[in-house]
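>
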Amino acid sequence: MNVFRLTGDLSHLAAIIILLLKIWKSRSCAGISGKSQILFAIVFTTRYLDLLTSFISLYNTCMKVIYIGCAYATVYLIYAKFRATYDGNHDSFRVEFLVVPVGGLSVLINHDFSPLEILWTFSIYLESVAILPQLFMISKTGEAETITTHYLFCLGLYRALYLFNWIWRFYFEGFFDMIAIVAGVVQTVLYCDFFYLYVTKGWFSRPYRL
Amino acid sequence: DTESPMKDEL
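These protein sequences, in sequence, are chains A and B. Mind the numbering: the first sequence is residues 1 to 210 in my numbering, read in order. Mind the numbering: the second sequence is residues 211 to 220 in my numbering, read in order.
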């Protein structure tokens with residue numbers, strides 16, 4: 001464990017909690033892409049199947065359970081409890097254009113042709129594009145609530161910090177994973193436009209307009 | 211092939 005990975009995990013946890021609390025407290029999921037949240041639930045489910053087969057550490061197990069629990073709770077709030085506030089018209093990204101290519105790629109490019117490894121690879125590739133429906137929805141509505149921008153900032157920051165974690169691990173532990181690094185770079189690059197707007201306009205905390 | 215070395219990460 002290193003400082004980049006720990007702060008990355010905490011940033012990720014903060015994003016997940018911020019979103020869940022925002023929806024729960026405001027009793028509304030307006031402006032939130034349910035499709036992205038479903039993709040994140042799939043990412044965690046396919047990545048954390050090893051919860052059943054291997055124990056790495058208490059921290060690792062606890063965080064995985066929290067991530068999966070919050071992801072499904074968020075999906076439940078959006079599609080069940082506060083379904084009336086779900087903005088389906090603007091959440092129109094065709095996720096099949098993400099899932100199918102990602103599924104194909106994970107079968108073609110992976111470290112080991114075993115079910116668990118292919119599912120893990122699928123989750124890595126899927127996570128790198130899972131935010132697209134959310135960014136697409138914001139570009140369609142032209143604005144996002146301030147709390148949603150903080151959610152996106154923490155979410156984007158987490159994988160950027162993981163990039164530094166991989167540099168750290170390569171330097172100190174001597175290994176790296178090209179699949180995780182390439183997907184992590186793609187994932188972080190997708191947030192660049194948002195990061196620029198968040199930083200340049202964030203200070204005035206007015207609704208975020210593209 | 212062996213599995214990804216980053217399996218200990220979240």
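Using N, Cα and C, we set each Cβ at its ideal position, and we do this for glycine too. Owing to the predicted nature of the structure, the values given are computational and were not obtained by experimental measurement.
Quick one: what does DSSP say E219/B is sitting in, helix, strand or coil?
Of the three classes helix, strand and coil, the one that applies to E219/B here is coil, per DSSP.
> Who are the neighbours of F175/A on chain B, taking C-beta pairs under 7 Å?
Ordered by position in chain B, the residues that pass the 7 Å Cβ test against F175/A are P215.
> Determine the closest residue to I78/A out of R5/A, S26/A, L197/A and T200/A, with distance taken between C-alpha atoms.
Checking every option, the nearest Cα to that of I78/A belongs to S26/A.
> Closest Cβ-Cβ distance between E117/A and chain B: below 8 Å?
So yes, E117/A belongs to the interface.
> Pull up the distance between the alpha-carbon of T212/B and that of A71/A, whole angstroms please.
Approximately 30 Å between the Cα atoms of the pair.
> Quick check: the Cα distance between G34/A and I109/A, rounded to an integer number of angstroms?
If I take the Cα positions, the gap works out to 29 Å.
> From this set, E173/A, R159/A and I167/A, which residue's C-alpha is nearest A15/A's C-alpha?
Of the listed residues, the one whose Cα sits closest to A15/A is R159/A.
> Under a Cβ-count criterion, where at least 16 other Cβ atoms within 10 Å of its own Cβ denotes burial, should C154/A be classed as buried or exposed?
C154/A comes out buried.
> Which ranges would you report for the beta strand (DSSP E) in the region 39-99 of chain A if only whole runs of at least 3 residues count?
Runs found: none.
> Using the beta-carbon of each residue, which ones in chain B are nearer than 9 Å to I78/A?
Correct list: empty, because the minimum Cβ distance to chain B is about 23 Å.
> Check whether the region 109-118 of chain A and the region 1-17 of chain A touch, using three or more Cβ-Cβ pairs below 8 Å as the test.
Segments in contact, no.
> Using a Cβ-Cβ cut-off of less than 8 Å, list which residues of the region 62-91 of chain A approach chain B; keep chain order.
Of all residues in the region 62-91 of chain A, M63, K64 and Y67 have a Cβ within less than 8 Å of some Cβ in chain B.
> Could you pull out every residue in the same chain whose Cβ sits closer than 6 Å to the Cβ of F204/A, ignoring the five residues on either side in sequence?
Note that F204/A has pLDDT 44, beneath the 50 cutoff, so the model's placement of it is unreliable and the number below is only indicative. Nothing listed; no residue qualifies.
> Does the beta carbon of N60/A sit closer than 8 Å to a beta carbon anywhere in chain B?
Yes, N60/A counts as interfacial toward chain B.
> Between A130/A and Y198/A, what straight-line distance do the alpha-carbon atoms span, to the nearest angstrom?
If you take the alpha carbons of A130/A and Y198/A, they lie about 20 Å apart.
> Residues of chain B with CB under 7 Å from H111/A, in chain order?
Correct list: D211, T212, E213 and S214.
> Whole angstroms are fine: how far does the CA of A183/A sit from the CA of C192/A?
Rounded to whole angstroms, C192/A to A183/A spans 15 Å at the Cα level.
> Suppose you measure from the CA of L19/A to the CA of R47/A; what does that come to, to the nearest Å?
Distance between the alpha carbons of L19/A and R47/A is about 21 Å.
> Output needed for E219/B: all residues of its chain with C-beta closer than 6 Å, excluding positions within five of it in sequence on either side, in chain order.
Result list for E219/B: empty, nothing under 6 Å.
> Since L126/A and V43/A are thought to touch, with beta carbons under 8 Å apart, how far apart are those beta carbons, to the nearest angstrom?
Right, their Cβ atoms sit about 5 Å apart.
> In chain B, what lies closer than 9 Å to A14/A by C-beta?
Simply none; closest approach about 13 Å.
> Any C-beta of chain B sitting closer than 8 Å to the C-beta of A180/A?
Output row for A180/A: interface = yes.
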